[in-house]
């Protein structure tokens, strides 16, 4: 029978409303299960009854424990351990082989350290963490109010761990120790870091009870670790920054900042980036976001978003992450309270961007293609170049990129903006006065596509950032073109004016006819006399017919020119009819005046 089937059997034994149909077993197997149910429940009740009357472990007592072979220094999966310290809240077991290798003086030092740690746990760690996050399962699977701490030698870089299997019966998980317990390394047994290690692992124990036991759901690893990471800060262990867990995490973050916060590979960089992000989250939105999200019947990002709503915040996880990517670069409250850390320990923290250089003279293009995962910060800084800087971003359609960017001026001051992306995840901006006024551009793209199911390696997605230097922006280029066209028009008019004057001096006529004999009016087409009229109007200068078009079509421009002509010679053209304004129609008096001028 496999593990999942064992778990379903266990659920059936405890939960009568869990349908046998959900087991998906053959009918005979279901019947056998029903026959065995009374026996199984009897065993469970006996075990449970025995657990609640478990005899407390005594000093010097030894027990065999299962341990995590991937963390144990020798790869062991079992070891014998001895009780070396007991108080009302905690048992300390120590790997017997290691304990026996210590001299009497060293043992005394270790006992003293564990005495201090047990007092710290009873008076500070336990009451503060349970008050904020809720209790562990108690009296728990072993029926004992105390938790068990097993200390054994672990590989370098491992401070401790927690095994979910220990919270289940051996019938479900044969390698269960059937205790509320955590594991700590011997390497830190008499160091201040041991308090942080214990608090971290104890919060995992609390999380099991508040999520798995209460709701039957498993918290996503990254958020489980995030709460555990914040425990040492909540307890004040990071108040003195030097040598603190926070300092270690900040160093890890600065060494590898572009690490996904939700993808968990149990690496030092995972702890670094996650801790620094959670510090920002609690800094600005309060520890209630962590505590309330733990107590919800949701996990991961969904639980964070619901906790934010519950606490009256309009921002969601996406907005907070985007703000954090800016804050961790600029860390300057003067740009806005959300663009800095409020904690004194992190007020000088700034991520190091990837720096890209552009030639100082001439036009140039620099293109960067990269891949990224969801919820990963990417910081690209561009310096150099002279003129107008164009930034072009390209992602893949359907992805959820956010691209804040900062412009740094020559005084070192930043301005923050957000690149608008179209449905194809493309966008561009132009930054004028680069080099003379603005000296740097920082682009901070982040992919925010995935919001749940962080249970393994996440896929990577490509994006590109292209930066080019040019003399003018498109708007400036268009404005220049318009200016040139205006100048050309002015020159054309001036040429026409001068040509008219030259023709007048030379006695040349620019009109192909000598007389207009017909009435002319709006709408006439392909008319030789209209063409003659237009030539005549053109010869009268820019004030009369600035367009100067000779087409044979009597349109609105020709009509307007006729009106101007009529009003110029109103006494001869309009007065005989008692008119004060031109009509635009070439009739008797208008023709007479035109013919008079043509005949000169």
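In the UniProt record's numbering, the protein residues as written are 1 to 600.
Heads up, the beta-carbon is just placed ideally off N, CA and C, and yes, glycines get one too.
Asked	Found
Find out if the Cβ-Cβ distance for the pair residue 182, residue 162 is shorter than 8 Å.	yes
I think residue 335 touches residue 431, with their Cβ atoms under 8 Å apart; what is that distance to the nearest whole Å?	Wrong, their Cβ atoms sit about 18 Å apart, outside the cutoff.
Going by DSSP, which residues form a beta bridge with residue 383?	357, 440
Between residue 300 and the rest of its own chain, which residues show a CB-CB distance below 6 Å, the 5 nearest in sequence each way excluded?	220, 223, 452
Going by DSSP, what residue range makes up the beta strand (DSSP E) through residue 186?	Careful: residue 186 lies outside any beta strand (DSSP E) and carries neither H nor E.
Taking the beta strand (DSSP E) that residue 526 falls in, what are its first and last residues?	Where residue 526 is concerned, there is no enclosing beta strand (DSSP E), given that its DSSP letter is neither H nor E.
Measuring only the C-alpha atoms, how far is residue 410 from residue 236?	41 Å
Over what stretch of residues does the beta strand (DSSP E) that includes residue 310 continue unbroken?	Looking at the DSSP string, residue 310 is not in any beta strand (DSSP E); the run it does join, the alpha helix (DSSP H), is 300-310.
Would you decide whether residue 460 is buried or exposed? Buried here means 16 or more other CB atoms lie within 10 Å of its CB.	exposed
In its own chain, which residues sit with a C-beta less than 6 Å from the C-beta of residue 350, not counting the 5 before and 5 after it?	331
Considering only C-alpha positions, which residue in the set 570, 193, 544, 388 is nearest to residue 604?	No statement about residue 604 is possible, as the shown extent of the chain runs from 1 to 600 and does not include it.
Tell me, please, whether the segment 101-110 touches the segment 74-82 by the rule of three or more beta-carbon pairs shorter than 8 Å.	no
Which residues in the same chain as residue 420 place their Cβ atom closer than 7 Å to its Cβ, once the five residues preceding and following it in sequence are excluded?	427
Would residue 230 be called buried (16 or more neighbouring beta carbons within 10 Å of its own) or exposed?	buried
In angstroms with no decimal places, state the Cα-to-Cα distance between residue 16 and residue 323.	Per-residue confidence for residue 16 stands at a pLDDT of 33, beneath the threshold of 50, marking its modelled position as unreliable; the derived number appears in the next sentence. Approximately 49 Å, taken between the alpha carbons.
The beta strand (DSSP E) that contains residue 433, what's its start and end?	426-434
Looking at the strands, I want to know which residues DSSP matches up with residue 151.	94, 184
For a test of the three-state rule: what should DSSP assign to residue 512, helix, strand or coil?	coil
Between the segment 144-153 and the segment 80-94, do three or more beta carbon pairs fall short of 8 Å?	yes
Could you spell out the range, first to last residue, of the alpha helix (DSSP H) harbouring residue 561?	556-568
Quick check on this structure: which residue in 303, 395, 423, 389 has the alpha carbon closest to the alpha carbon of residue 373?	395
Measuring CA to CA, which of 63, 186, 113, 166 is closest to residue 101?	186
Which of the three DSSP states, helix, strand or coil, is assigned to residue 272?	helix
At the level of alpha carbons, what is the spacing between residue 637 and residue 143?	Nothing in the structure corresponds to residue 637, since the chain is present only between 1 and 600.
With H, G and I counted as helix, E and B as strand and the rest as coil, what does DSSP make of residue 521?	coil
Confirm, please, whether the CB-CB distance from residue 381 to residue 359 is below 8 Å.	no
By alpha-carbon positions, which one of 212, 238, 206, 239 ends up nearest to residue 227?	206
Can you give me the Cβ contacts of residue 585 inside the same chain, cut-off strictly under 6 Å, excluding the 5 residues immediately before and after it?	521
I need the straight-line Cα distance from residue 233 to residue 407, nearest angstrom please.	34 Å
Rounded to the nearest angstrom, what separates residue 435 and residue 355 at their Cα positions?	16 Å
Would you mind giving the Cβ-Cβ distance between residue 114 and residue 155, rounded to the nearest angstrom? I have them listed as a contact below 8 Å.	Their Cβ separation, rounded to whole angstroms, is 22 Å, which puts residue 114 and residue 155 out of contact at 8 Å.
Looking at residue 383: is its Cβ nearer than 8 Å to the Cβ of residue 328?	no
What does DSSP give as the partner residues of residue 108 in its beta bridges?	Beta-bridge pairing links residue 108 to no other residue.
With distances taken Cα to Cα, identify the nearest neighbour of residue 127 among 203, 63, 192.	203
Give me the residue from 537, 245, 193 with the minimum Cα distance to residue 601.	In the structure as shown, the chain begins at 1 and stops at 600. Residue 601 is therefore absent and cannot be evaluated.
Are the segment 385-399 and the segment 295-314 touching, with three or more C-beta to C-beta distances below 8 Å?	no
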